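Taking it in order: structure first as structure tokens, then the write-up.
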Amino acid sequence: MNRAIEISALYKRYSSSDKNAVENVSFSAQYGQALALIGANGSGKTTLIRLISGIIRADAGSIEVAGQDVLKETSFKRKIGVLLSSENSLYERLSAYENALYFARIFGVDRKQFDLRTKIFSEMFQMNDFIKKRSSGYSKGMKQKSLLLRSIIHNPEIVLLDEPSGGLDIHSSIALRKFIKQCVSENKAVIFSSHDMDEIRSCADRILFLKNGRTEYFGSSSRFFSKYKKITDLR
Amino acid sequence: MTDVIFTIFRKEMMDILRDRKTIMAGIILPVIFLPLSFILIGNDISADSDLSRKINISFSAKADGVKKLLSNSGKFNLVEGNWEENLVSGKIHIALTHVQEGDLILIDSRRTESIKASAVVAEYLDALYSKNNSKAEKRIGQKFMFGGGAERSFLSSLFPVIIAVFCAVAPLSAASDLFAGEKERSTIEPLFATPAGRFQILAAKYFAVSCIGIFQSFSFILGLFLSYAVSPEIFGKNFPFGALDILFIIISIIVLTALFASAEVIISSYAKSSREAQTLSIPFLMIVSFSAYHVMFLEVPFGAGKEIFIPVIGNIYALKSVLTGIYSSGEIFISFFVSCFYSFVFLFIAYIIFRRERMIFRS
Chain A
0 MNRAIEISAL
10 YKRYSSSDKN
20 AVENVSFSAQ
30 YGQALALIGA
40 NGSGKTTLIR
50 LISGIIRADA
60 GSIEVAGQDV
70 LKETSFKRKI
80 GVLLSSENSL
90 YERLSAYENA
100 LYFARIFGVD
110 RKQFDLRTKI
120 FSEMFQMNDF
130 IKKRSSGYSK
140 GMKQKSLLLR
150 SIIHNPEIVL
160 LDEPSGGLDI
170 HSSIALRKFI
180 KQCVSENKAV
190 IFSSHDMDEI
200 RSCADRILFL
210 KNGRTEYFGS
220 SSRFFSKYKK
230 ITDLR
Chain B
0 MTDVIFTIFR
10 KEMMDILRDR
20 KTIMAGIILP
30 VIFLPLSFIL
40 IGNDISADSD
50 LSRKINISFS
60 AKADGVKKLL
70 SNSGKFNLVE
80 GNWEENLVSG
90 KIHIALTHVQ
100 EGDLILIDSR
110 RTESIKASAV
120 VAEYLDALYS
130 KNNSKAEKRI
140 GQKFMFGGGA
150 ERSFLSSLFP
160 VIIAVFCAVA
170 PLSAASDLFA
180 GEKERSTIEP
190 LFATPAGRFQ
200 ILAAKYFAVS
210 CIGIFQSFSF
220 ILGLFLSYAV
230 SPEIFGKNFP
240 FGALDILFII
250 ISIIVLTALF
260 ASAEVIISSY
270 AKSSREAQTL
280 SIPFLMIVSF
290 SAYHVMFLEV
300 PFGAGKEIFI
310 PVIGNIYALK
320 SVLTGIYSSG
330 EIFISFFVSC
340 FYSFVFLFIA
350 YIIFRRERMI
360 FRS
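Chains A and B are the protein sequences, given in the same order.
Oh and the first sequence: position 224 is 223 in numbering that gives the first Met the number 0, straight run, nothing missing.
Oh and the second sequence: position 142 is 141 in numbering that gives the first Met the number 0, straight run, nothing missing.
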């Protein structure tokens with residue numbers, strides 16, 4: 000099994016803070032597996048996803064994505080799909096369809112492929128009623144589905160999802176779990192952060208547990224759940 | 000590379016054009032605002048339409064040709080003697096001389112009647128030259144003597160100022176929305192995770208902001224034509240601008256908007272939010288306003304000197320010259336070149352900001 004992501008001794012501190020957001024974090028993620036990032040708010044999950052996707056740069060350490068050094072190369076960005084947890088990151092004067100089409104064009108996706116993927120995804124996540132309406136009137140769940148569609152429209156081999164189930168109803172949460180499993184079955188690497196333990200238990204092959212920016216646990220999902228039997232054990 | 004720039008540009012244009020506030024402020028407002036301004040000024044001018052019966056004029060030694068023309072008309076009182084003394088003492092409303100570019104009306108800028116008399120005489124001469132097809136004599140310049148009061152001459156002084164301030168204000172909302180606004184809404188981050196490079200994103204957004212200026216130039220020109228339709232007396236009997244003048248106004252608006260947009264892109268790239276971008280833009284708008292105000296008092300026949308190399312001042316001056324009827328190709332070229340040069344410099348600074356994480360994600 001090839002390594003999709005290889006991270007070694009990673010450090011990141013924001014200029015506005017006096018402590019590291021991420022400190023000496025090392026882990027790897029494989030193709031054909033789902034890796035869950037867990038930890039309390041402010042533990043460094045989103046920072047890690049921002050670092051892997053090249054939005055921000057690490058202060059120290061190395062990040063390899065699809066065999067490329069994130070600090071030196073940019074072509075790895077064609078291979079990743081990123082969903083960030085910001086609720087407002089849709090262009091509100093555009094519909095979900097137009098938002099996805101915009102990103103599809105940047106990634107150079109063929110229009111037929113775009114239409115096909117949009118159709119499959121919108122049926123899977125029940126988006127047909129609103130997909131062509133302006134997103135300014137969307138609920139939180141609708142926005143989340145639209146962001147998810149936009150992030151995977153180019154069929155990336157590495158999928159980075161920051162709290163993807165936030166705001167989703169029960170049907171869409173089930174659809175999301177199916178979607179993550181489908182990605183894994185297609186030999187994609189999925190890295191997702193979540194606070195939903197059922198979702199993690201259902202989807203994750205491996206888990207990275209962060210505490211104050213440091214690695215508290217990294218290993219298989221089954222070993223994690225045998226080690227941390229109760230929620231209180233995670234504190 | 001260009002495909003990505005075009006994709007981002009197209010999306011930004013769609014985004015801007017769906018924003019009602021931007022459309023109102025940038026495109027519809029000039030069409031309404033300009034004619035209203037001209038109606039007010041037109042009413043003021045028409046109230047003094049009987050002034051021509053009382054206009055007293057002195058002539059310099061060079062102005063024998065125009066003196067003969069006006070004396071034959073029987074509508075003006077020709078006053079002999081030293082024109083400067085006559086103008087200072089108030090014996091005459093205006094004086095007339097002749098320079099290489101054409102006739103030059105010398106106005107006592109301290110007196111409203113002198114400015115109004117100048118408009119009447121200019122209109123009379125223009126009609127006369129048009130009738131006689133005297134192309135060489137067509138240009139009629141104005142020179143404000145004794146300082147102060149020049150702001151009362153709308154076309155040659157206030158018009159370039161309005162254009163300059165308008166061009167500075169118009170792209171502000173789009174610039175602050177496309178850069179600081181995107182940072183505020185976190186929409187810029189997913190874009191940074193795509194193959195689109197920072198330069199491509201910056202260039203596309205800058206083109207979109209500047210493009211609004213092109214739309215505005217057309218709305219501004221449309222407003223100008225509407226103004227002529229509703230208040231022709233302010234322009235005289237004939238529309239004072241030819242195709243070349245209109246073309247120059249359009250190019251000036253585009254160049255000025257591109258320059259201001261590049262400066263506003265720096266501010267907006269640095270700002271954390273749209274509101275902060277607009278607050279930080281206030282000193283910039285003040286500099287533009289002061290520059291424009293300064294140019295109002297530069298006397299066109301004598302040139303702007305070294306100030307032609309200063310962006311904004313050079314452009315407004317070149318525009319003022321053209322509207323006064325004096326085309327100086329050297330000054331026009333220099334002013335355009337300087338503006339383009341500074342636009343590139345500003346964009347380079349914006350690019351540096353755009354690449355720096357501490358700047359773009361400033362907290």
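Using N, Cα and C, we set each Cβ at its ideal position, and we do this for glycine too.
The structure displayed is predicted, hence computed values, not measured ones.
With DSSP collapsed to three states, give me the class of residue i.
i, result
"Lys71 of chain A", "coil"
"Lys142 of chain B", "strand"
"His153 of chain A", "coil"
"Phe191 of chain B", "helix"
"Thr186 of chain B", "coil"
"Val337 of chain B", "helix"
"Ile249 of chain B", "helix"
"Asp125 of chain B", "helix"
"Phe296 of chain B", "coil"
"Ile54 of chain B", "coil"
"Ala312 of chain A", "The shown model of chain A, from 0 to 234, leaves out residue 312 of chain A, and the question about it has no answer."
"Ser59 of chain B", "coil"
"Ser94 of chain A", "strand"
"Gly43 of chain A", "coil"
"Asp195 of chain A", "coil"
"Asn127 of chain A", "coil"
"Phe106 of chain A", "coil"
"Pro170 of chain B", "helix"
"Ile55 of chain A", "coil"
With which residues is residue i paired in a DSSP beta bridge?
i, result
"Arg213 of chain A", "A:Lys210"
"Glu5 of chain A", "A:Ser27, A:Glu63"
"Arg205 of chain A", "A:Leu34, A:Ser219"
"Thr96 of chain B", "B:Leu103"
"Lys240 of chain A", "Lying outside 0 to 234, the shown extent of chain A, residue 240 of chain A is not represented and no answer is given."
"Ser379 of chain B", "Here chain B has residues from 0 to 362 only, and residue 379 of chain B is not among them."
"Arg133 of chain A", "A:Ser94"
"Val81 of chain A", "A:Leu159"
"Leu77 of chain B", "B:Ile56"
Keeping to the same chain, check which residues put their C-beta closer than 8 angstroms to that of residue i; ignore five residues upstream and five downstream.
i, result
"Ile220 of chain B", "Ile245, Ile248, Ile249"
"Gly218 of chain A", "Arg205, Ile206"
"Ala291 of chain B", "Pro159, Val160, Ala163, Val164, Val311, Ile315"
"Tyr137 of chain A", "Leu89, Ala95, Phe129, Ser145"
"Gly313 of chain B", "Ala303, Glu306, Ile307, Glu330, Ile333, Ser334, Val337, Ser338"
Closer than 7 angstroms by C-beta to residue i: which residues in its own chain qualify, once you throw out the five before and the five after it? Chain order, please.
i, result
"Ser267 of chain B", "Ala174, Ser175, Phe178, Ala179, Ala276"
"Cys210 of chain B", "Met12"
"Ala46 of chain B", "Residue placement at Ala46 of chain B cannot be trusted, given a pLDDT of 48 that sits under 50; the coordinates are not used to answer."
"Ala192 of chain B", "none"
"Val78 of chain B", "Asn55, Ile56, Ser57, Asn85, Lys90, Ile91"
"Ile215 of chain A", "Note that residue 215 of chain A is Glu in the sequence shown here, rather than Ile. Phe208, Leu209, listed in sequence order."
"Leu127 of chain B", "Leu68"
Taking Cβ-Cβ distances shorter than 8 angstroms, what residues in chain B pair up with residue i?
i, result
"Ser88 of chain A", "Arg184, Ser185, Thr186, Glu188, Pro189"
"Lys76 of chain A", "Ala192, Thr193, Pro194"
"Thr73 of chain A", "Pro194, Gly196"
Taking Cβ-Cβ distances shorter than 8 angstroms, what residues in chain A pair up with residue i?
i, result
"Thr6 of chain B", "Tyr101, Arg104, Ile105"
"Phe364 of chain B", "Coverage of chain B is limited to positions 0 through 362, which leaves residue 364 of chain B absent and any answer about it impossible."
Going along the chain, which residues of its own chain have a beta-carbon closer than 6 angstroms to the beta-carbon of residue i, five neighbours each way excluded?
i, result
"Phe214 of chain B", "Ile26"
"Leu9 of chain A", "Val21, Val24, Ala57, Gly60"
"Ser218 of chain B", "Ile26, Pro29, Val30"
"Phe343 of chain B", "none"
"Ala188 of chain A", "Ala3, Ala28, Tyr30, Ile157"
"Ala62 of chain B", "Leu95, Thr96, His97"
What does residue i reach in chain A if we use C-beta pairs closer than 7 angstroms?
i, result
"Lys10 of chain B", "Tyr101"
"Phe178 of chain B", "Ordered by position in chain A, no residue passes the 7 angstroms Cβ test against Phe178 of chain B, which lies about 14 angstroms from the chain."
"Val120 of chain B", "None at all; the shortest Cβ gap to chain A is about 53 angstroms."
"Val3 of chain B", "Ile105"
Starting from residue i, find everything on chain B with Cβ-Cβ shorter than 9 angstroms and list it in chain order.
i, result
"Leu83 of chain A", "Ser185, Glu188, Pro189, Ala192"
"Gly53 of chain A", "Phe191, Ala192"
"Leu93 of chain A", "Lys10, Met13, Asp14, Arg17"
"Ser14 of chain A", "Glu356, Arg357, Phe360, Arg361, Ser362"
"Arg56 of chain A", "Glu356"
Take every Cβ of the stretch 77–84 of chain A, pair it with every Cβ of the stretch 135–155 of chain A, and state whether three or more of those distances are shorter than 8 angstroms.
yes
Margin query: Tell me whether the stretch 9–18 of chain A and the stretch 64–75 of chain A touch, counting them as touching only if at least three CB pairs, one residue from each stretch, are closer than 8 angstroms.
Written below: no
Exercise for the section: Count the CB pairs spanning the stretch 37–46 of chain A and the stretch 207–215 of chain A that are closer than 8 angstroms, and state whether there are at least three. Expected result: yes
So does the stretch 17–26 of chain A actually touch the stretch 175–182 of chain A, counting three or more Cβ pairs closer than 8 angstroms? no
Worksheet item: Below 8 angstroms, can you find three or more Cβ-Cβ pairs linking the stretch 350–357 of chain B to the stretch 325–339 of chain B?
Response: no
| Do three or more CB pairs link the stretch 190–205 of chain A to the stretch 115–123 of chain A at distances below 8 angstroms? | no
For the 8 angstroms Cβ check, are there 3 or more pairs between the stretch 130–137 of chain A and the stretch 89–108 of chain A? yes
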